[in-house]
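Residue 1 is where the sequence shown starts when you use the working numbering, and the numbers rise one by one after that. The beta carbon of each residue, even a glycine, is placed where N, CA and C say it ideally should be. This report refers to the structure that appears directly beneath it.
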Amino acid sequence: MMTLSLCSRKQVDFIMTVNGPVSSGDMGVSLVHEHILVDFIGADSITDQRWDRSKVINRSLPYLKQIRELGCRTFVECTPAFLGRDPLLLKSLSDSSGLNIITNTGYYGAGNNKYLPKHAFYETADQIAERWKMEWDSGIAGTGVKPGFIKIGVMDGHLSDLHIKLVEAAARTHLKTGLVIASHTGPAIPAFEQLAILKDEGVSPEAFIWVHAQTENDLSFHIKAAKMGAWISLDGLNDNNLDEYIRMIKNMKERGLINKVLLSHDSGWYHPGEENGGNYKGYSTLLEKLVPLLRKEDFTEMEIKQLLVINPSNAFTIRVHRIN
Ligand SMILES: [Zn+2]
Numbered sequence: 001m002m003t004l005s006l007c008s009r010k011q012v013d014f015i016m017t018v019n020g021p022v023s024s025g026d027m028g029v030s031l032v033h034e035h036i037l038v039d040f041i042g043a044d045s046i047t048d049q050r051w052d053r054s055k056v057i058n059r060s061l062p063y064l065k066q067i068r069e070l071g072c073r074t075f076v077e078c079t080p081a082f083l084g085r086d087p088l089l090l091k092s093l094s095d096s097s098g099l100n101i102i103t104n105t106g107y108y109g110a111g112n113n114k115y116l117p118k119h120a121f122y123e124t125a126d127q128i129a130e131r132w133k134m135e136w137d138s139g140i141a142g143t144g145v146k147p148g149f150i151k152i153g154v155m156d157g158h159l160s161d162l163h164i165k166l167v168e169a170a171a172r173t174h175l176k177t178g179l180v181i182a183s184h185t186g187p188a189i190p191a192f193e194q195l196a197i198l199k200d201e202g203v204s205p206e207a208f209i210w211v212h213a214q215t216e217n218d219l220s221f222h223i224k225a226a227k228m229g230a231w232i233s234l235d236g237l238n239d240n241n242l243d244e245y246i247r248m249i250k251n252m253k254e255r256g257l258i259n260k261v262l263l264s265h266d267s268g269w270y271h272p273g274e275e276n277g278g279n280y281k282g283y284s285t286l287l288e289k290l291v292p293l294l295r296k297e298d299f300t301e302m303e304i305k306q307l308l309v310i311n312p313s314n315a316f317t318i319r320v321h322r323i324n
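Listed below in structure tokens is the structure:
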């Protein structure tokens, strides 16, 4: 924890966790795309009465303690509003695990708009952006917990008008808050359409995380987006795709773009409605298996630090990235 001093001569770079601002330099080894709880019931039916916080904590805490022991310090929880985002749950887990946890504002349009609240369909981009900015200014729904990034989601083809509006709302929220935009995207087509909208809005690609970029098989698109300045999030790591991850990371390294790669598992999570939260997958593959493999493949300690510590810190530092 740190206090932001108004009289300090130079503004300290910081990230926003569920327990308040933390100096970017203290973010440490970070998992940038994981989940504690996801509920796919839909925006029309979801409430936080659908899960018992103490049960979710009992189920998820051992996995968080495990990665804390492996050296992880910051955990970015990517569950959006209307899909089970629960700031108080995350605050309690942060306190008991010793991890920094980051939550988000924004709406998830993927899944055929099932997770969008009604007002997202008829409000303007500015009205939606105002709601997200309000969470940054005053905290989420009276909890006092502030978001540390904007999470949106789009379908994997061309963007619909509704999703274009969500991207515009994200761009406008970014310009007012400095929160980075992580967009559930997948293939290259919607990734580059979103970057074009950001450009029209005056937002630099540095403010955009291309989530699930690993699902794009043509790796030249990773290079192209990274050269523009976007973050390439390879966030579906598991025990069975380590070789594929090495190949994708090397592709970036060969082009001198390792400074634009983010790594994570998209793992977890507690499923409300299922016995004891259903199947829960842990978050240890990156630190237990990928890092030793990277060493074997002659990645230096500095390059590994770049991937695990420096890139997350640069991506999630609160900063407006305007096209100048
Ligand atoms: Zn996810």
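May I ask you to report which of helix, strand or coil DSSP gives residue i?
i      : result
Pro312 : helix
Gly20  : strand
Phe208 : strand
Asn100 : strand
Tyr344 : An answer regarding residue 344 cannot be provided, because it is not within the stretch 1 to 324 covered by the chain.
Glu34  : strand
Leu166 : helix
Tyr107 : coil
Tyr115 : coil
Ile232 : strand
Val291 : helix
Glu301 : helix
Glu77  : strand
His158 : coil
Ser45  : coil
Glu358 : Past the boundaries of the shown model lies residue 358; the chain is included only from 1 to 324, so the question cannot be answered.
Leu83  : coil
Trp51  : coil
Leu242 : helix
Thr317 : coil
Arg255 : coil
Using C-beta distances below 6 angstroms, list every residue in its chain close to residue i, excluding the 5 sequence neighbours before and after it, in chain order.
i      : result
Val29  : Gly71, Cys72, Arg73, Leu308 and Val309
Gly153 : Tyr108, Gly109, Ala110 and His184
Ile140 : Pro87
Phe221 : Ala188
Leu294 : Ile304
Met248 : Leu234
Out of curiosity, what's the CA-to-CA distance linking residue i and residue j?
i      : j      : result
Thr177 : Arg255 : 32 angstroms
Gly42  : Met302 : 43 angstroms
Leu37  : Leu31  : 16 angstroms
Pro187 : Ala213 : 6 angstroms
Tyr270 : Asn324 : 43 angstroms
His174 : Asn241 : 33 angstroms
Ile163 : Leu195 : This sequence places His at residue 163; Ile is not what is there. The alpha-carbon atoms of His163 and Leu195 are separated by roughly 13 angstroms.
Val12  : Val22  : 10 angstroms
Ala169 : Ile318 : 17 angstroms
Glu297 : Asn217 : 22 angstroms
Ser96  : Lys289 : 26 angstroms
Lys114 : Tyr280 : 23 angstroms
Arg68  : Ile102 : 15 angstroms
Leu166 : Ala81  : 14 angstroms
For residue i, write down the residues that DSSP places opposite it in a beta bridge.
i      : result
Thr185 : Answer is none; Thr185 lacks a bridge partner.
Phe14  : Ser23
Arg322 : Val203
Ile152 : Ser183
Gly268 : Lys281
Cys72  : Val29
Val145 : None, per the DSSP bridge assignment.
Leu262 : Ser233
Glu274 : The partner list for Glu274 (beta bridge, DSSP) is empty, contrary to what the question assumes.
Considering only residues of the same chain and omitting the five flanking positions on each side of residue i, which have a CB-CB separation below 7 angstroms?
i      : result
His33  : Val76, Cys78, Val211, Ser233, Asp235, Ser264 and Asp266
Thr285 : Leu237, Asn238, Asp239 and His265
Val66  : Note that residue 66 corresponds to Gln in the displayed sequence, not to Val. The residues are Gly282 and Ser284.
Glu357 : Outside the displayed span of the chain (1 to 324) sits residue 357, for which this structure offers no information.
Our contact map puts residue i next to residue j with C-beta atoms below 8 angstroms; I'd like the distance itself, whole angstroms only.
i      : j      : result
Leu83  : Arg53  : Their Cβ separation, rounded to whole angstroms, is 17 angstroms, which puts Leu83 and Arg53 out of contact at 8 angstroms.
Leu99  : Ser60  : About 11 angstroms separates the two Cβ atoms, so there is no contact after all.
Lys151 : Gly106 : 4 angstroms
Thr17  : Gly142 : About 18 angstroms separates the two Cβ atoms, so there is no contact after all.
Taking 8 angstroms as the limit between beta carbons, can you name the residues of its chain near residue i, skipping five residues before and five after?
i      : result
Met27  : Ile15, Arg73, Thr74, Asn100, Val309, Pro312, Ser313 and Phe316
Glu244 : Gln214
Thr47  : none
Is residue i near ligand 2 - that is, is its Cβ less than 7 angstroms away from at least one heavy atom of it?
i     : result
Cys72 : In the structure on display, ligand 2 does not appear, and the ligands it does have are ligand 1.
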